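In UniProt numbering, the protein residues as written are 1 to 258.
Here it is as C-alpha coordinates:
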(Lines of atoms letter the chains of each structure in order from A and count residues from 1; the text may use other names and numbers.)
(Lines give C-alpha, C1' and ligand atoms only; values in the text may rest on other atoms or scores of the structure.)
Protein backbone atom coordinates (compact mmCIF):
# COMPACT_ATOMS: atom_id res chain seq x y z
CA UNK A 1 0.00 0.00 0.00
CA UNK A 2 1.26 3.50 -0.88
CA UNK A 3 2.27 5.69 2.03
CA UNK A 4 1.89 9.41 2.53
CA UNK A 5 4.77 11.70 3.33
CA UNK A 6 4.11 12.52 6.97
CA UNK A 7 6.26 14.49 9.40
CA UNK A 8 5.65 14.92 13.14
CA UNK A 9 7.35 17.77 15.00
CA UNK A 10 6.76 20.19 17.86
CA UNK A 11 6.83 20.33 21.64
CA UNK A 12 3.15 20.41 22.56
CA UNK A 13 0.96 17.67 23.97
CA UNK A 14 -2.00 18.37 21.66
CA UNK A 15 -1.89 16.69 18.23
CA UNK A 16 -2.68 19.02 15.30
CA UNK A 17 -2.88 17.68 11.74
CA UNK A 18 -2.36 20.28 8.96
CA UNK A 19 -3.79 19.60 5.48
CA UNK A 20 -2.73 21.86 2.59
CA UNK A 21 -4.66 23.02 -0.46
CA UNK A 22 -4.83 22.15 -4.17
CA UNK A 23 -1.54 22.01 -6.09
CA UNK A 24 0.62 22.53 -3.00
CA UNK A 25 2.30 20.49 -0.26
CA UNK A 26 3.09 20.63 3.46
CA UNK A 27 5.93 23.15 2.96
CA UNK A 28 3.21 25.80 2.71
CA UNK A 29 3.01 25.71 6.54
CA UNK A 30 6.67 26.68 6.96
CA UNK A 31 5.79 30.25 7.98
CA UNK A 32 3.74 29.12 11.00
CA UNK A 33 5.16 25.69 11.91
CA UNK A 34 7.69 27.06 14.40
CA UNK A 35 5.07 29.06 16.32
CA UNK A 36 2.45 26.30 16.24
CA UNK A 37 5.12 23.71 17.08
CA UNK A 38 5.71 25.44 20.41
CA UNK A 39 2.09 24.67 21.34
CA UNK A 40 1.24 21.48 19.42
CA UNK A 41 2.61 18.17 18.25
CA UNK A 42 2.29 19.03 14.56
CA UNK A 43 1.55 16.49 11.85
CA UNK A 44 2.57 17.84 8.44
CA UNK A 45 1.15 15.86 5.54
CA UNK A 46 1.52 15.88 1.76
CA UNK A 47 -1.95 14.89 0.52
CA UNK A 48 -2.14 11.81 -1.76
CA UNK A 49 -0.48 12.60 -5.11
CA UNK A 50 0.99 15.91 -3.96
CA UNK A 51 4.56 16.85 -3.01
CA UNK A 52 6.40 13.81 -1.61
CA UNK A 53 3.29 11.57 -1.62
CA UNK A 54 3.69 10.72 -5.30
CA UNK A 55 2.46 7.12 -5.44
CA UNK A 56 -1.21 7.97 -5.85
CA UNK A 57 -3.51 8.70 -8.75
CA UNK A 58 -6.61 10.89 -8.67
CA UNK A 59 -8.83 10.14 -5.67
CA UNK A 60 -12.33 11.08 -4.64
CA UNK A 61 -12.83 13.17 -1.49
CA UNK A 62 -13.89 10.05 0.43
CA UNK A 63 -10.82 8.09 -0.73
CA UNK A 64 -8.47 10.95 0.14
CA UNK A 65 -9.94 11.21 3.64
CA UNK A 66 -9.55 7.44 4.17
CA UNK A 67 -5.91 7.47 3.06
CA UNK A 68 -5.02 10.39 5.34
CA UNK A 69 -6.78 8.84 8.32
CA UNK A 70 -4.74 5.62 8.10
CA UNK A 71 -1.58 7.44 9.25
CA UNK A 72 -3.21 9.92 11.62
CA UNK A 73 -2.92 9.92 15.43
CA UNK A 74 -5.77 8.24 17.30
CA UNK A 75 -7.25 11.62 18.29
CA UNK A 76 -6.24 15.05 17.03
CA UNK A 77 -7.28 18.56 16.16
CA UNK A 78 -7.59 18.87 12.37
CA UNK A 79 -6.85 22.03 10.37
CA UNK A 80 -7.49 22.04 6.62
CA UNK A 81 -6.88 24.85 4.17
CA UNK A 82 -9.02 25.17 1.02
CA UNK A 83 -9.18 21.65 -0.52
CA UNK A 84 -7.60 20.38 2.71
CA UNK A 85 -10.60 21.84 4.55
CA UNK A 86 -12.90 19.53 2.62
CA UNK A 87 -10.68 16.54 3.47
CA UNK A 88 -10.57 17.46 7.17
CA UNK A 89 -14.35 18.02 7.17
CA UNK A 90 -14.94 14.62 5.56
CA UNK A 91 -12.81 12.98 8.27
CA UNK A 92 -14.73 14.80 11.02
CA UNK A 93 -18.04 13.68 9.51
CA UNK A 94 -17.09 10.02 9.05
CA UNK A 95 -14.86 9.55 12.10
CA UNK A 96 -15.86 12.11 14.76
CA UNK A 97 -14.33 9.90 17.47
CA UNK A 98 -10.90 10.63 15.95
CA UNK A 99 -11.41 14.42 15.87
CA UNK A 100 -11.10 16.68 18.93
CA UNK A 101 -11.84 19.78 16.87
CA UNK A 102 -12.08 20.93 13.24
CA UNK A 103 -10.63 24.15 11.80
CA UNK A 104 -11.25 25.02 8.15
CA UNK A 105 -9.25 27.83 6.55
CA UNK A 106 -10.45 29.70 3.44
CA UNK A 107 -12.54 26.66 2.67
CA UNK A 108 -16.14 26.13 1.63
CA UNK A 109 -18.41 23.10 1.95
CA UNK A 110 -19.35 23.85 -1.67
CA UNK A 111 -16.68 25.65 -3.72
CA UNK A 112 -18.74 25.85 -6.92
CA UNK A 113 -21.14 28.77 -7.25
CA UNK A 114 -24.78 28.19 -8.11
CA UNK A 115 -27.96 30.29 -8.15
CA UNK A 116 -28.17 30.82 -4.40
CA UNK A 117 -24.60 30.13 -3.35
CA UNK A 118 -21.46 32.26 -3.85
CA UNK A 119 -18.25 30.60 -4.95
CA UNK A 120 -16.10 29.83 -7.99
CA UNK A 121 -18.07 29.76 -11.23
CA UNK A 122 -18.18 26.16 -12.53
CA UNK A 123 -16.93 27.33 -15.93
CA UNK A 124 -13.81 28.81 -14.26
CA UNK A 125 -13.00 25.44 -12.65
CA UNK A 126 -13.73 23.64 -15.94
CA UNK A 127 -11.44 26.10 -17.73
CA UNK A 128 -8.61 25.37 -15.28
CA UNK A 129 -9.09 21.64 -15.91
CA UNK A 130 -8.89 22.21 -19.67
CA UNK A 131 -5.79 24.42 -19.38
CA UNK A 132 -3.94 21.92 -17.19
CA UNK A 133 -3.46 19.58 -20.13
CA UNK A 134 -2.15 22.43 -22.31
CA UNK A 135 0.14 24.41 -20.01
CA UNK A 136 0.48 22.59 -16.78
CA UNK A 137 2.84 24.84 -14.78
CA UNK A 138 1.37 28.15 -15.94
CA UNK A 139 -2.15 27.02 -14.98
CA UNK A 140 -1.03 26.11 -11.46
CA UNK A 141 0.79 29.44 -11.13
CA UNK A 142 -2.32 31.36 -12.23
CA UNK A 143 -4.43 29.55 -9.63
CA UNK A 144 -1.86 30.38 -6.93
CA UNK A 145 -1.80 34.06 -7.95
CA UNK A 146 -5.59 34.21 -7.49
CA UNK A 147 -5.13 33.17 -3.87
CA UNK A 148 -3.26 36.31 -2.80
CA UNK A 149 -4.99 39.01 -4.88
CA UNK A 150 -5.86 42.17 -2.97
CA UNK A 151 -3.58 41.79 0.05
CA UNK A 152 -0.85 44.31 0.88
CA UNK A 153 1.76 41.58 0.44
CA UNK A 154 0.15 39.91 -2.61
CA UNK A 155 3.28 39.62 -4.80
CA UNK A 156 5.46 38.39 -1.97
CA UNK A 157 2.80 35.87 -0.85
CA UNK A 158 2.31 34.59 -4.43
CA UNK A 159 6.08 34.12 -4.80
CA UNK A 160 6.13 32.14 -1.57
CA UNK A 161 3.32 29.84 -2.77
CA UNK A 162 5.05 29.36 -6.13
CA UNK A 163 8.34 28.45 -4.40
CA UNK A 164 6.50 25.83 -2.31
CA UNK A 165 5.23 24.17 -5.50
CA UNK A 166 8.48 24.32 -7.44
CA UNK A 167 10.84 23.01 -4.75
CA UNK A 168 9.17 19.58 -4.70
CA UNK A 169 7.93 17.19 -7.42
CA UNK A 170 4.87 18.58 -9.18
CA UNK A 171 1.63 16.61 -8.89
CA UNK A 172 0.55 14.86 -12.08
CA UNK A 173 -2.12 16.35 -14.34
CA UNK A 174 -4.34 13.43 -13.31
CA UNK A 175 -4.01 14.26 -9.59
CA UNK A 176 -4.54 18.00 -10.16
CA UNK A 177 -7.61 17.29 -12.29
CA UNK A 178 -8.93 15.01 -9.56
CA UNK A 179 -8.53 17.81 -7.01
CA UNK A 180 -10.36 20.28 -9.25
CA UNK A 181 -13.13 17.71 -9.71
CA UNK A 182 -13.57 17.59 -5.92
CA UNK A 183 -13.72 21.40 -5.78
CA UNK A 184 -16.25 21.37 -8.63
CA UNK A 185 -18.60 18.71 -7.25
CA UNK A 186 -18.29 18.39 -3.44
CA UNK A 187 -21.18 19.72 -1.36
CA UNK A 188 -20.97 19.18 2.40
CA UNK A 189 -23.38 21.96 3.38
CA UNK A 190 -26.08 19.65 4.70
CA UNK A 191 -23.86 16.95 6.28
CA UNK A 192 -21.80 19.55 8.18
CA UNK A 193 -24.96 21.03 9.71
CA UNK A 194 -25.03 17.83 11.81
CA UNK A 195 -21.38 17.90 12.88
CA UNK A 196 -20.79 17.18 16.56
CA UNK A 197 -17.14 18.22 17.10
CA UNK A 198 -16.00 21.78 18.00
CA UNK A 199 -15.79 23.65 14.69
CA UNK A 200 -13.98 26.89 13.77
CA UNK A 201 -14.09 28.50 10.30
CA UNK A 202 -11.42 31.02 9.25
CA UNK A 203 -11.78 33.36 6.26
CA UNK A 204 -10.00 36.18 4.46
CA UNK A 205 -12.12 39.29 3.84
CA UNK A 206 -10.46 39.74 0.41
CA UNK A 207 -10.69 36.09 -0.68
CA UNK A 208 -11.73 35.80 -4.34
CA UNK A 209 -12.14 32.00 -4.25
CA UNK A 210 -14.20 31.66 -1.07
CA UNK A 211 -16.26 34.89 -0.86
CA UNK A 212 -16.70 36.30 2.65
CA UNK A 213 -20.47 36.19 2.12
CA UNK A 214 -20.19 32.42 2.71
CA UNK A 215 -19.21 33.05 6.34
CA UNK A 216 -22.53 34.78 7.05
CA UNK A 217 -24.58 32.16 5.20
CA UNK A 218 -22.94 29.40 7.23
CA UNK A 219 -23.35 31.33 10.49
CA UNK A 220 -27.10 30.91 9.92
CA UNK A 221 -26.92 27.25 8.80
CA UNK A 222 -24.27 26.05 11.23
CA UNK A 223 -24.97 27.79 14.51
CA UNK A 224 -22.84 25.26 16.37
CA UNK A 225 -19.70 26.59 14.61
CA UNK A 226 -17.80 29.87 14.95
CA UNK A 227 -16.33 32.05 12.18
CA UNK A 228 -13.40 34.50 12.22
CA UNK A 229 -12.70 36.78 9.24
CA UNK A 230 -9.21 38.29 8.85
CA UNK A 231 -9.92 41.82 7.52
CA UNK A 232 -6.85 42.28 5.28
CA UNK A 233 -6.27 38.67 4.24
CA UNK A 234 -7.23 36.79 1.06
CA UNK A 235 -7.17 33.01 0.46
CA UNK A 236 -4.01 32.32 2.51
CA UNK A 237 -4.39 34.19 5.84
CA UNK A 238 -1.69 32.10 7.52
CA UNK A 239 0.85 33.46 5.00
CA UNK A 240 -0.23 37.12 5.00
CA UNK A 241 -1.06 37.33 8.73
CA UNK A 242 0.83 34.49 10.48
CA UNK A 243 0.82 35.91 14.03
CA UNK A 244 -2.90 36.69 14.11
CA UNK A 245 -3.65 33.35 12.50
CA UNK A 246 -1.67 31.34 15.07
CA UNK A 247 -3.24 33.26 17.95
CA UNK A 248 -6.76 32.39 16.76
CA UNK A 249 -5.85 28.70 16.33
CA UNK A 250 -4.19 28.51 19.76
CA UNK A 251 -7.14 30.18 21.47
CA UNK A 252 -9.62 27.81 19.83
CA UNK A 253 -7.59 24.79 20.90
CA UNK A 254 -6.96 26.33 24.35
CA UNK A 255 -3.36 25.26 24.40
CA UNK A 256 -0.53 26.60 26.53
CA UNK A 257 3.20 26.39 25.94
CA UNK A 258 4.75 23.40 27.72
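Every residue, glycine too, gets a C-beta built ideally from N, C-alpha and C. Remember, it's a predicted structure, so these values are computed and weren't measured experimentally.
8 angstroms contact criterion, which residue i and residue j should meet: CB distance rounded
i	j	result
residue 146	residue 208	6 angstroms
residue 86	residue 107	6 angstroms
residue 239	residue 187	Rounded, the Cβ-Cβ distance is 27 angstroms, inconsistent with contact.
Alpha carbon of residue i to alpha carbon of residue j, nearest angstrom
i	j	result
residue 116	residue 246	33 angstroms
residue 344	residue 162	Because the chain is modelled from 1 through 258, residue 344 falls outside the range shown and cannot be assessed.
residue 36	residue 42	7 angstroms
residue 39	residue 133	42 angstroms
residue 333	residue 210	With the chain represented from 1 up to 258, any question about residue 333 goes unanswered, as that position is not in the structure.
residue 81	residue 189	17 angstroms
residue 253	residue 89	17 angstroms
residue 83	residue 249	19 angstroms
residue 176	residue 58	8 angstroms
residue 66	residue 91	8 angstroms
residue 182	residue 243	31 angstroms
residue 236	residue 18	14 angstroms
Beta-carbon contacts of residue i that lie in its chain and below 8 angstroms, excluding the five residues immediately before and after
i	result
residue 241	230, 232 and 233
residue 113	119, 120, 121 and 122
residue 170	136, 137 and 140
Own chain residues within Cβ distance below 7 angstroms of residue i, not counting five before or after
i	result
residue 193	221 and 222
residue 191	93
residue 128	139, 143 and 180
Endpoints, the alpha helix (DSSP H) within which residue i is located
i	result
residue 104	That residue, residue 104, is in no alpha helix (DSSP H); its beta strand (DSSP E) goes 99 to 105.
residue 160	154 to 166
residue 88	83 to 94
residue 126	122 to 134
residue 37	30 to 37
Option nearest residue i by Cα separation, candidates the options
i	options	result
residue 227	214, 189 and 161	214
residue 159	4, 126 and 24	24
residue 50	164, 216 and 199	164
residue 20	38, 212 and 44	44
residue 11	4, 3, 206 and 33	33
residue 196	225, 183 and 3	225
residue 5	98, 26 and 111	26
residue 178	64, 96 and 218	64
residue 55	79, 46 and 22	46
Contact set for residue i: own chain, Cβ-Cβ below 6 angstroms, skip 5 residues either direction
i	result
residue 100	75 and 77
residue 13	none
residue 7	44
residue 260	The structure shown does not extend to residue 260, since the chain is modelled only from 1 through 258, so no value can be given for it.
Start-to-end residues for the beta strand (DSSP E) that takes in residue i
i	result
residue 7	6 to 9
residue 229	226 to 230
residue 45	40 to 45
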